[in-house]
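Report on the following structure.
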Amino acid sequence: MGVVVNGVEVVFVNFEELQLDCTFPYLILVNSLIPALLAGNTAILKPSSQTPLVASRIVEIFATAGLPPNVLQVLHCATPALLTSIITQLPSIALVTYVGSTSGGLSLRAAAAAAAGQIVPVVLELGGNDPAYVRGDAGNDVAWVAAQVVDGAVFNAGQSCCAVERVYVHADVHDAFVAAVRKELAGIYVRPTVLVDVPPDARVMREETFGLVVPIARVESDEEAVALMNDSVYGLTASVWTKDVRAGEELVEKIEAGTIFVNRCDYPSPLKSYHIKETEA
981 MGVVVNGVEV VFVNFEELQL DCTFPYLILV NSLIPALLAG NTAILKPSSQ TPLVASRIVE
1041 IFATAGLPPN VLQVLHCATP ALLTSIITQL PSIALVTYVG STSGGLSLRA AAAAAAGQIV
1101 PVVLELGGND PAYVRGDAGN DVAWVAAQVV DGAVFNAGQS CCAVERVYVH ADVHDAFVAA
1161 VRKELAGIYV RPTVLVDVPP DARVMREETF GLVVPIARVE SDEEAVALMN DSVYGLTASV
1221 WTKDVRAGEE LVEKIEAGTI FVNRCDYPSP LKSYHIKETE A
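Heads up: the sequence shown is residues 981 to 1261, going by the numbering used here.
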């Protein structure tokens, strides 16, 4: 009595199908593939049609390392209808992992749910429209904050589901922050577009941009910032920038995102989505 048992069990699920995005083809592939193989599964890799050779190279590497034949296979298929047909007609597929667009992921999940005679679990990593909030106490650190937010926005040319795509800045530091962002971006060869005083209903504040755009909106309070950050169909990542870490942590509890950073945009960190509102996606 009094002994608490806490642990994680790795479960064999037979055959896993992995569909992968083109933005970080090797990293995304390894993140999905290694857990599947460690759990004792065989796997089919379906790479993006924009980076088709990555999966083939990974298969070669694992074969060289001694992985038995056919444990890891590659499926090149550019037709969504054919792909969903393959997934739903192969009873040996016990799990599908998908990394890509929101529309593609939801279509795949619907197809898997409609599969006759079986239930195929689908793990989705979809898009984002991730917000950042710069509090009014940024003060003398506004240049540093601007540099970090810019890095979060334009890393990998902005082609990341967890990139900073909308920035809310308290009115007390808004002008200084905008000036610092413009200075930070001035040295980039292909300069991102900085949009200032963007209304909350603008498409750039509602949809995933996936490019070099930094929209900035002025807010008057923490409460307004949180309300606007949560006013989105996405809920992947978010960040709060403040001198008062405790105040930042209190805001974290109110923000609807799966992964929330305080004073950083840490893209290598594990990510978890809070929600995706399908009716608006």
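Think of the CB as a built atom: it goes at the ideal place given N, C-alpha and C, for glycine as much as any other residue.
So the candidates are the options; which of them puts its Cα closest to the Cα of residue i?
| i | options | result |
| --- | --- | --- |
| residue 1027 | 1052, 1018, 1020 and 1044 | 1052 |
| residue 1234 | 1223, 1194 and 1203 | 1203 |
| residue 1131 | 1227, 1167 and 1152 | 1167 |
| residue 1171 | 1135, 1192 and 1179 | 1192 |
| residue 1200 | 1232, 1114, 1217 and 1230 | 1114 |
| residue 1117 | 1139, 1137, 1208 and 1150 | 1150 |
| residue 1107 | 1207, 1169, 1025 and 1186 | 1186 |
| residue 1228 | 1017, 1242 and 1216 | 1242 |
Using a Cβ-Cβ cut-off of 6 Å (strictly less than) and excluding sequence neighbours within five positions of residue i, which residues of its own chain qualify?
| i | result |
| --- | --- |
| residue 1109 | 1145, 1188, 1212 and 1214 |
| residue 981 | With a pLDDT of 37 at residue 981, under the threshold of 50, the modelled position of that residue is not reliable, and the figure given next carries that caveat. Result list for residue 981: empty, nothing under 6 Å. |
| residue 1122 | 1153, 1156, 1157 and 1160 |
Take the Cβ of residue i as the centre, count every other Cβ of all protein chains shown within 10 Å, and call the residue buried at 16 or more, exposed below.
| i | result |
| --- | --- |
| residue 1225 | exposed |
| residue 1050 | exposed |
| residue 1083 | exposed |
| residue 1056 | exposed |
| residue 1010 | exposed |
| residue 1105 | buried |
| residue 1111 | buried |
| residue 1138 | buried |
| residue 1033 | exposed |
| residue 1088 | buried |
| residue 1237 | buried |
With respect to the alpha helix (DSSP H) encompassing residue i, which residues constitute its N-terminal and C-terminal limits?
| i | result |
| --- | --- |
| residue 1053 | Unbroken run through residue 1053 is the beta strand (DSSP E), 1052-1054; no alpha helix (DSSP H). |
| residue 1157 | 1154-1165 |
| residue 1087 | 1082-1093 |
| residue 1006 | 1005-1018 |
| residue 1173 | Counting along the chain, residue 1173 falls outside any alpha helix (DSSP H), though it belongs to the beta strand (DSSP E) covering 1173-1176. |
| residue 1036 | 1032-1044 |
| residue 1203 | 1202-1210 |
| residue 1184 | 1183-1186 |
Among the residues of its own chain, which have a CB less than 8 Å from the CB of residue i, if the five just before and after it don't count?
| i | result |
| --- | --- |
| residue 1244 | 1128 and 1219 |
| residue 1119 | 1153 and 1223 |
| residue 1162 | 1174 |
| residue 985 | Annotation note: pLDDT 42 at residue 985 (below 50); position unreliable, coordinate value reported separately. Excluding sequence neighbours, residue 985 sits near nothing in its chain. |
Would you please verify whether the beta carbon of residue i is less than 8 Å from any beta carbon of chain B?
| i | result |
| --- | --- |
| residue 1222 | The structure shown has no chain B; it contains just one protein chain. |
Can you give me the start and stop residues for the beta strand (DSSP E) that residue i sits inside?
| i | result |
| --- | --- |
| residue 1230 | Where residue 1230 is concerned, there is no enclosing beta strand (DSSP E), although the alpha helix (DSSP H) it sits in stretches over 1225-1232. |
| residue 1240 | 1239-1242 |
| residue 1195 | 1193-1199 |
| residue 1110 | 1110-1114 |
| residue 1143 | It is not in any beta strand (DSSP E) - residue 1143 carries neither H nor E in the DSSP assignment. |
| residue 1127 | Element bounds for residue 1127: not the beta strand (DSSP E) but the alpha helix (DSSP H), 1122-1134. |
| residue 1073 | 1073-1079 |
Report, in whole angstroms, the separation of the C-beta atoms of residue i and residue j, which I expect to be a contact under 8 Å.
| i | j | result |
| --- | --- | --- |
| residue 1175 | residue 1195 | 4 Å |
| residue 1090 | residue 1148 | Incorrect: roughly 34 Å between the Cβ atoms, too far for contact. |
| residue 1005 | residue 1022 | Their Cβ separation, rounded to whole angstroms, is 21 Å, which puts residue 1005 and residue 1022 out of contact at 8 Å. |
| residue 1143 | residue 1133 | 6 Å |
| residue 1216 | residue 1180 | With a Cβ gap of about 19 Å, residue 1216 and residue 1180 do not count as contacting. |
Please go through the same chain and pick out, in chain order, the residues whose beta-carbon is closer than 7 Å to the beta-carbon of residue i, but skip the five residues on each side of it.
| i | result |
| --- | --- |
| residue 1085 | 1078, 1104 and 1106 |
| residue 1190 | 1138 and 1139 |
| residue 1042 | 1052 |
| residue 1178 | 1184, 1185, 1195, 1196 and 1197 |
| residue 1017 | 1023 |
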